[in-house]
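Counted from 1, the sequence shown has number 422 at position 180 by the numbering used here; the numbering is strictly sequential.
All C-beta atoms in this analysis are idealised placements derived from N, C-alpha and C, irrespective of residue type, glycine included.
Predicted model, so just to flag it, every value in this text is computed and none were measured.
Below: one structure, written as structure tokens.
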Amino acid sequence: MEALFGDQEVVADLLTGYYTDYEPSSLWVAEHEGKVVGYLSGALDSRRYIWTMVRRLIPQIAIKSIIRGALWRPEAWGILMSGMTVLRLGGFHRHAGTDTYPAHLHVNVDKEFRSMKVGQLLMGRFLEQVKGAGLAGVHASVREDSPDSRRFFERLGFVEMERYPTIGPDSRKGRIAYVIVYGKELTS
Ligand SMILES: CC(C)(COP(=O)(O)OP(=O)(O)OC[C@H]1O[C@@H](n2cnc3c(N)ncnc32)[C@H](O)[C@@H]1OP(=O)(O)O)[C@@H](O)C(=O)NCCC(=O)NCCS
243 MEALFGDQEV VADLLTGYYT DYEPSSLWVA EHEGKVVGYL SGALDSRRYI
293 WTMVRRLIPQ IAIKSIIRGA LWRPEAWGIL MSGMTVLRLG GFHRHAGTDT
343 YPAHLHVNVD KEFRSMKVGQ LLMGRFLEQV KGAGLAGVHA SVREDSPDSR
393 RFFERLGFVE MERYPTIGPD SRKGRIAYVI VYGKELTS
């Protein structure tokens, strides 16, 4: 996303602002010798997440982008055009997820620490938290062209529910990326 947009602070606000500022209790960090090597940002109530993004964060981020001049960069217009295409293809209307699987998550492990069970450890902590809250399930979105990440979710018992178009690294070249939504039911 940084390569795509350029303004690191605006991208960070967009991708992590909800989790750090509105639900830090569902944000898990893995450390090795004092260095962060992975994180899982979760939300127990995806409807609250969407509401907060639309009503609070996105308007704040839009104002910040204008003040910082981020919207006047040529790449911003490329993303806007891709966003219009994604909208036309129905990408922002997701069907699966929030009813059956109310919680959602994003997980990321430093490249040097991958395949060492860090992701699995983070996921274990979050799933315990979701179960403890009495929720029926959890969902996550994974890039279609990322077989390792798909394998990670499938190995942990997640099943594919739907695919939708999204803005990706090749958006500036007019290429649309696809994302797979995976869901996992939790039994108490
Ligand atoms: C997906 C990701 C979080 C996995 O974290 P990780 O710490 O490397 O994964 P783990 O070591 O805990 O692996 C757990 C299982 O996932 C599968 N897996 C993990 N990495 C894999 C790889 N490179 N290839 C194939 N399977 C893999 C394995 O089945 C593994 O279990 P096993 O070793 O017992 O077979 C990490 O690769 C990552 O940060 N990817 C980029 C960000 C991303 O795509 N996030 C997901 C979308 S939000």
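CB-CB length for residue i against residue j, believed under 8 Å
{"i": "GLY284", "j": "PHE368", "result": "5 Å"}
{"i": "GLY259", "j": "LEU299", "result": "5 Å"}
{"i": "ILE418", "j": "VAL328", "result": "6 Å"}
{"i": "PHE394", "j": "GLY361", "result": "6 Å"}
{"i": "VAL252", "j": "ILE303", "result": "6 Å"}
Residue i Cβ short of 7 Å to ligand 1 heavy atom set
{"i": "MET358", "result": "yes"}
{"i": "SER268", "result": "no"}
{"i": "VAL252", "result": "no"}
{"i": "PHE394", "result": "yes"}
{"i": "ALA345", "result": "no"}
{"i": "GLN371", "result": "no"}
{"i": "SER391", "result": "yes"}
For residue i: DSSP bridge partner residues
{"i": "VAL296", "result": "In DSSP, VAL296 forms no bridge with anything."}
{"i": "LYS306", "result": "Beta-bridge pairing links LYS306 to no other residue."}
{"i": "TRP270", "result": "LEU282"}
{"i": "THR408", "result": "ALA419"}
Proximity to residue i [Cα-Cα], best of the options
{"i": "ALA378", "options": "PRO344, TYR264, GLU396, MET326", "result": "PRO344"}
{"i": "TRP293", "options": "VAL278, GLU275, GLU273, TYR264", "result": "TYR264"}
{"i": "GLU207", "options": "ARG290, ILE321, PHE355", "result": "Here the chain covers residues 243 to 430 and nothing more, so residue 207 does not appear."}
{"i": "THR392", "options": "TYR420, LYS277, LYS373", "result": "First, the amino acid is wrong: residue 392 is Arg here, not Thr. Nearest option by C-alpha distance: TYR420."}
{"i": "THR408", "options": "GLY332, ALA375, GLU251", "result": "GLY332"}
{"i": "MET403", "options": "ASP387, GLY311, LYS426", "result": "LYS426"}
Are the region 282-296 and the region 259-271 in contact at 8 Å, needing three or more beta carbon pairs?
Between the region 282-296 and the region 259-271 there are three or more C-beta pairs closer than 8 Å, enough to call the two in contact.
May I ask you to verify whether the region 379-387 touches the region 340-353, counting CB pairs closer than 8 Å and requiring at least 3?
Inter-segment contact for the region 379-387 and the region 340-353 is present: three or more beta-carbon pairs are separated by less than 8 Å.
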